[in-house]
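Here's the structure we're looking at; comments come further down.
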Amino acid sequence: MGEGEGRTGKPGTVYLVGAGPGDPGLITVKGMECLKKADAVVYDRLASPRLLRYLRPDAERIYVGKAEGRHTLTQDEIQELLVRLAQDGKTVVRLKGGDPFVFGRGGEEAEFLVKHGIPFEVVPGVTSAVAVPAYAGIPVTHRDHTPSFAVVTGHEDPEKETSWIDWDRLSTGVGTLIFLMGVGRLAGIVEQLTAHGRPGTTPVALIRWGTRMEQETVTGTLDTIVDEVRRRNFRSPAVIVVGEVVGLRERLNWFERKPLFGKRILVTRAREQASALSAQIQDLGGEAVEFPAIRIEPPASWADLDEALTRSDLKWIVLTSRHAVESVWSRMRALELDVRRLSGVRMAAVGPATAEALRERGVIPELTASEYRGQALAETLVPHIASGDVVLLPRSNLASRDVPEVLSAAGAAVVEAEAYRTEPGCEGAEEVRGLLREGRIHAVTFTSSSTVRFFLQGIGEEARPWLEHVPAFCIGPVTAATARELGLKVAGVAEQATVDSLVDLLAREMEAGAIRNGG
Numbered sequence: 000m001g002e003g004e005g006r007t008g009k010p011g012t013v014y015l016v017g018a019g020p021g022d023p024g025l026i027t028v029k030g031m032e033c034l035k036k037a038d039a040v041v042y043d044r045l046a047s048p049r050l051l052r053y054l055r056p057d058a059e060r061i062y063v064g065k066a067e068g069r070h071t072l073t074q075d076e077i078q079e080l081l082v083r084l085a086q087d088g089k090t091v092v093r094l095k096g097g098d099p100f101v102f103g104r105g106g107e108e109a110e111f112l113v114k115h116g117i118p119f120e121v122v123p124g125v126t127s128a129v130a131v132p133a134y135a136g137i138p139v140t141h142r143d144h145t146p147s148f149a150v151v152t153g154h155e156d157p158e159k160e161t162s163w164i165d166w167d168r169l170s171t172g173v174g175t176l177i178f179l180m181g182v183g184r185l186a187g188i189v190e191q192l193t194a195h196g197r198p199g200t201t202p203v204a205l206i207r208w209g210t211r212m213e214q215e216t217v218t219g220t221l222d223t224i225v226d227e228v229r230r231r232n233f234r235s236p237a238v239i240v241v242g243e244v245v246g247l248r249e250r251l252n253w254f255e256r257k258p259l260f261g262k263r264i265l266v267t268r269a270r271e272q273a274s275a276l277s278a279q280i281q282d283l284g285g286e287a288v289e290f291p292a293i294r295i296e297p298p299a300s301w302a303d304l305d306e307a308l309t310r311s312d313l314k315w316i317v318l319t320s321r322h323a324v325e326s327v328w329s330r331m332r333a334l335e336l337d338v339r340r341l342s343g344v345r346m347a348a349v350g351p352a353t354a355e356a357l358r359e360r361g362v363i364p365e366l367t368a369s370e371y372r373g374q375a376l377a378e379t380l381v382p383h384i385a386s387g388d389v390v391l392l393p394r395s396n397l398a399s400r401d402v403p404e405v406l407s408a409a410g411a412a413v414v415e416a417e418a419y420r421t422e423p424g425c426e427g428a429e430e431v432r433g434l435l436r437e438g439r440i441h442a443v444t445f446t447s448s449s450t451v452r453f454f455l456q457g458i459g460e461e462a463r464p465w466l467e468h469v470p471a472f473c474i475g476p477v478t479a480a481t482a483r484e485l486g487l488k489v490a491g492v493a494e495q496a497t498v499d500s501l502v503d504l505l506a507r508e509m510e511a512g513a514i515r516n517g518g
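Put into structure tokens, the structure is as follows:
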């Protein structure tokens, strides 16, 4: 058996993938494809942990992060680990912050893989050298300021007798200088630049945790920046930018001016629904932490819904959620029922999201409640039903009795059918407890009473004190009433029961100062 062969007889492939500088949206399409097919992922401190959500549930996750003075594994140990995993026949992703070949030691890892006969591919990433200044409003080149930039390691000791860096030429020969991983050696870097001809008035910026909601920027000049960094206790990881382009930040600073910049918002919706809310939070500069407090599961039996859908005397179907719509159409497919069977059946929807779910399936609801709650829908429907009309109500196992009681009182023959089950979800509870304990959650959103109840159940009683200063934002009055009843601080209720309205509320309250500063 050859040096690169393992127990499977054929080694797996190692993908050296650049994760980008921190914002998980900056990973490349190919990088994401590699993550989704990986058997094992070996990831760094600077690679966003949110990217791990895209892995298969059975994929192995191995953290090898390095901080100043603290290494989980040495570089040699990391390289040996990659070889061992590949020799077991696994598809391996080595997930590295930024680009693997820009001060990422990807070249060393590639050489080691070649030495051991392991096939590999390089998937370039967006380098922090360009992306981080861009997120701080600093273009590394600009036709009115400089046509050139250089990326330089900040790890090298500027005081050592021999240097790979030609300070004499670098200091004045390049317009924009970008130093990576150089905060700890800032004083020496400044000293070398000024000693070799760079004016002390040259603008400088340091950007910490660039492209993330924690991004922090400090500016000054070569004469002032060292004292400013010390005064601010500014620490790594940060990118250092030296050059006239730093002066453009005042006009071009786009990211740090977003409405939710610096805010970490907890999203408690079911995972299949959370993405729309999370995407809008992130578009506004915040970070969405998904903690699916509920899971949507199929009913114990489809028998009641199946029987109801095959009835010939149905007059109305009353739908109080997107899940109910999805269940009805799913069962019609399973039963091979032609949608034309419903041509004489009238549809009612509880609100815009449910109505939109119907429109997506080519059905315009006859009625949509003016208020986004089930009882309001029932009351809207009452004038339109005749005594004895058969009304199908596909619903959750936790749905309230309001709707069937109002319809029955009006003379309708209500057929209730469990279309889905709302169950508690606990995935990620330990992470959320940690963020709450450290004061790093700045607001929490709720989209139903069940998300409130199951959220509190999921995080446990010990987390209650950590919620005292965390404002809750709710999608409707019923949800807000449940949150208040259970002791939460409700800071606002969306004007409409929609994700858009909830996000607008968050942005307004942020501007008004209701959401405290990021931590």
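At position 214 of the sequence shown the residue is numbered 213 (numbering that gives the first Met the number 0), and the sequence of numbers has no breaks. Ideal Cβ positions, reconstructed from N, Cα and C, are used throughout, including at glycine. Small disclaimer: the values here were computed from a predicted structure and weren't measured.
Here Leu-72 has Val-63 as same chain residues with Cβ atoms under 6 Å from its own Cβ, once five neighbours each way along the sequence are excluded. Contact between Leu-84 and Tyr-42 does not hold, since the beta-carbon distance rounds to 13 Å and is not under 8 Å. Excluding residues up to 5 positions away in sequence, Gly-199, Thr-200, Thr-201, Pro-202, Val-203 lie with their Cβ nearer than 8 Å to the Cβ of Thr-220 in the same chain. Judged by DSSP secondary structure, Arg-49 falls outside any alpha helix (DSSP H); it is assigned neither H nor E.
Per DSSP, Phe-233 lies in no alpha helix (DSSP H) and is assigned neither H nor E. For the 8 Å CB-CB criterion, Thr-353 and Thr-379 do not form a contact. Per DSSP, the continuous alpha helix (DSSP H) segment holding Ala-511 begins and ends at 498 to 511.
Residue state for Cys-425 is assigned as coil, using DSSP reduced to three classes. Excluding sequence positions up to five before and after Asp-222, its CB lies within less than 6 Å of the CB of Gly-199, all in the same chain and listed in chain order. For Val-150 against Ser-235, the beta-carbon gap comes to about 17 Å, at or over 8 Å, which does not count as contact. For Phe-260, DSSP records no beta bridge to any residue. One alpha carbon belongs to Leu-435, the other to Ile-264, and they sit about 11 Å apart.
In the three-state reduction of the DSSP assignment, Ala-299 falls in the coil class, being assigned neither a helical nor a strand state. Check the Cα spacing between Cys-33 and each of Arg-330, Lys-89, Glu-76: the tightest is with Lys-89. From the listed residues Val-228, Leu-247, Val-288, the smallest Cα separation to Glu-430 is found for Val-288.
Pairing Arg-207 with Leu-81, the inter-Cα distance amounts to about 30 Å. Cβ neighbours of Ile-117 within its own chain (closer than 7 Å, five residues either side excluded): Gly-3, Pro-10, Val-13, Val-82, Ala-85.
Under the criterion of beta carbons closer than 8 Å, Val-317 and Val-390 qualify as touching, at roughly 6 Å. Counted as a single uninterrupted DSSP element, the beta strand (DSSP E) harbouring Ala-237 occupies residues 237 to 241. Just measuring C-alpha positions, the residue of Gly-30, Leu-406, Gly-261, Phe-233 sitting nearest Arg-211 is Gly-261. Taking every protein chain shown into account, the CB of Trp-315 has 16 or more other CB atoms within 10 angstroms, so this residue is buried.
By the Cβ test, the segment 18 to 28 is in contact with the segment 47 to 58, since at least three Cβ pairs between them sit closer than 8 Å. Distance from the Cα of Leu-392 is smallest, within the candidate group His-322, Arg-250, Glu-437, for His-322. DSSP places Lys-29 within a helical segment (H, G or I) once states are collapsed to three. Per the DSSP secondary-structure output, Trp-315 pairs in a beta bridge with Arg-345, Val-390.
Under a 10 Å Cβ-count criterion, Leu-192 is classified as buried, with 16 or more other Cβ atoms of the shown protein chains found around its own Cβ. In this structure the segment 469 to 482 touches the segment 440 to 455; the number of beta carbon pairs closer than 8 Å is three or more. Inter-residue distance for Ala-511 and Ser-342 is about 49 Å (C-alpha atoms, whole angstroms). DSSP assignment within the segment 394 to 475 yields the following whole beta strand (DSSP E) runs of 3 residues or more, N-terminal first: 412 to 423, 442 to 445, 471 to 473. Annotation: the continuous alpha helix (DSSP H) that includes Phe-111 extends over 105 to 114.
Secondary structure note for Ala-204: it is in no alpha helix (DSSP H), and the uninterrupted beta strand (DSSP E) holding it is 202 to 207. Nearest in C-alpha terms to Ser-386, of all of Ala-58, Ala-408, Leu-376, Glu-227, is Ala-408. For Val-238, same chain residues with a beta-carbon under 8 Å away, outside a window of 5 residues either side, are Ser-127, Ala-128, Val-131, Pro-132, Ile-177, Phe-178, Leu-179, Leu-205, Ile-206, Gly-209 in chain order. Rounded to the nearest whole angstrom, the CA to CA distance from Ala-18 to Gln-78 is 18 Å. Nearest Cα to Ser-274 within the set Val-502, Glu-190, Leu-397: Val-502.
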